[in-house]
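**Q** Residue numbers (this note's numbering): 313 to 613.
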Ligand code: 13P
Ligand code: SF4
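(1) Output needed for residue 437: all residues of its chain with C-beta closer than 6 angstroms, excluding positions within five of it in sequence on either side, in chain order.
(2) Nearest CA to the CA of residue 486: which residue from 612, 506, 497 and 315?
(3) Spatial neighbours of residue 557 within its chain, please: C-beta separation below 8 angstroms, excluding the five flanking residues on both sides.
(4) Which value, in whole angstroms, describes the spacing of the CA atoms of residue 490 and residue 548?
(5) Among 390, 370 and 329, which one has its Cα closest to the Cα of residue 582?
(6) Can you tell me whether residue 587 is buried or exposed? The criterion is at least 16 other CB atoms within 10 Å of its CB, across all chains shown.
(7) Looking at residue 426 and the ligand 13P, is the gap between the Cβ and the nearest heavy atom below 8 angstroms?
(8) Between the Cα of residue 498 and those of 509, 540, 378 and 466, spot the shortest distance and give me the residue it belongs to.
(9) How is the alpha helix (DSSP H) around residue 441 delimited, first residue to last?
(10) Relative to the C-alpha of residue 463, which candidate in 513, 435, 434 and 432 has its C-alpha closest?
(11) Taking buried to mean at least 16 other C-beta atoms within 10 Å of its own C-beta, is residue 532 buried or exposed?
(12) So for residue 333, helix, strand or coil by DSSP?
(13) Helix or strand or just coil, what does DSSP make of residue 401?
(14) Contact check, residue 366 vs residue 387 under 8 angstroms by CB: the rounded distance?
(15) For the ligand SF4, list every residue whose C-beta falls under 7 angstroms from any of its heavy atoms, going in chain order.
(16) Return the CA-CA distance between residue 357 and residue 330, expressed in angstroms with no decimal places.
(17) Between the alpha carbons of residue 465 and residue 445, how many angstroms are there, rounded?
(18) Using only the heavy atoms of the ligand 13P, determine whether one of them is closer than 8 angstroms to the beta carbon of residue 351.
(19) Give the C-beta separation of residue 418 and residue 432 to the nearest angstrom, bearing in mind that I take them to be a contact with Cβ-Cβ under 8 angstroms.
(20) Between which two residues does the beta strand (DSSP E) harbouring residue 503 extend?
(21) Could you tell me whether the segment 569-583 touches the segment 366-384, using the rule of 3 or more Cβ pairs below 8 angstroms?
(22) Excluding five sequence neighbours on each side, which residues of the same chain lie with their C-beta closer than 6 angstroms to the C-beta of residue 395?
(23) Return the bridge partner residues of residue 559 from the DSSP annotation.
(24) Throw me the rounded Cβ distance for the residue 449 and residue 477 pair, which I believe falls under 8 angstroms.
(25) Measuring from the CB of residue 437, is there a heavy atom of the ligand 13P at a distance below 8 angstroms?
(26) Between 334, 340 and 328, which has its C-alpha nearest residue 576's C-alpha?
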């Protein structure tokens, strides 16, 4: 039996489902039941019939799935898969901002630990941050942890006052203007499609800004044939699957999130066999961090 057949047989036997983010390796996306960006995956996790979720992504994603579905078993193929940015804010700064500002909403990018979410008012993802921040009644917005997504949103919502935090995604921040210009010189007809986690300088020279699923949708619906993609290279799989005749280029230093790439077929098979690497969130933490996640799902409807 091939490893894929073994995974499929075990999935059936154990009533399990596989969720995967666009940044994991192509062979993992290929066997997933649901593939998507952070928003899609958090939405889809709610209301799944299967008892066990194998989450092919990083820990904040598995944690969010568990928080929203406490009765389910959520397994991570690799427990060490983490998002560096998820830790780049702290509760002390939230407390400080709450003291210093009246009428403030603490907006938490879903790329954050469950502990951080406990102190926030609403979660957002890169796909819905703009819509949710615009809809919030508050004048002041403290946006954590990502400074880049925060500035992207602030640029579009001038009526609100933003307080910024200095977190960032090391993979997206490492995407360089010079490398985009080089790619553009080689492919002058290509549009630059960029994730808002990229730096302001990269965002400024881009033709379209959006979450991973929005980038895929934009490229798929466009009449153009060539694109320079400024996000993690895992999206290439879905871009090419949906658009076999189009060309997708990445900056020469390809953006790779090594944490996302720790997920392998062998590790998926192992957790399905052993039920190791279960996500556990204490009742108290779950109760507190569930509120901003549920608020996000409500606002994003
Ligand atoms: P999206 O899934 O919202 O596009 O975010 C990208 C990301 O960095 C996930 O970790
Ligand atoms: Fe975190 Fe960046 Fe990796 Fe996404 S790509 S999981 S934001 S480190």
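Idealized CB from N, CA, C, for every residue including glycine. Note that this is a predicted model, so its numbers are computed, not measured.
**A** Per the coordinate set shown:
(1) 350, 351 and 422
(2) 506
(3) 537
(4) 21 angstroms
(5) 390
(6) exposed
(7) no
(8) 540
(9) 441-447
(10) 513
(11) exposed
(12) strand
(13) coil
(14) 5 angstroms
(15) 335, 370, 395, 396, 397, 398, 423, 481, 482, 483, 484, 509, 544, 569, 571 and 572
(16) 10 angstroms
(17) 8 angstroms
(18) yes
(19) 4 angstroms
(20) 503-506
(21) yes
(22) 370, 372 and 423
(23) 538
(24) That belief does not hold up - the Cβ atoms of residue 449 and residue 477 are roughly 21 angstroms apart, past 8 angstroms.
(25) yes
(26) 340
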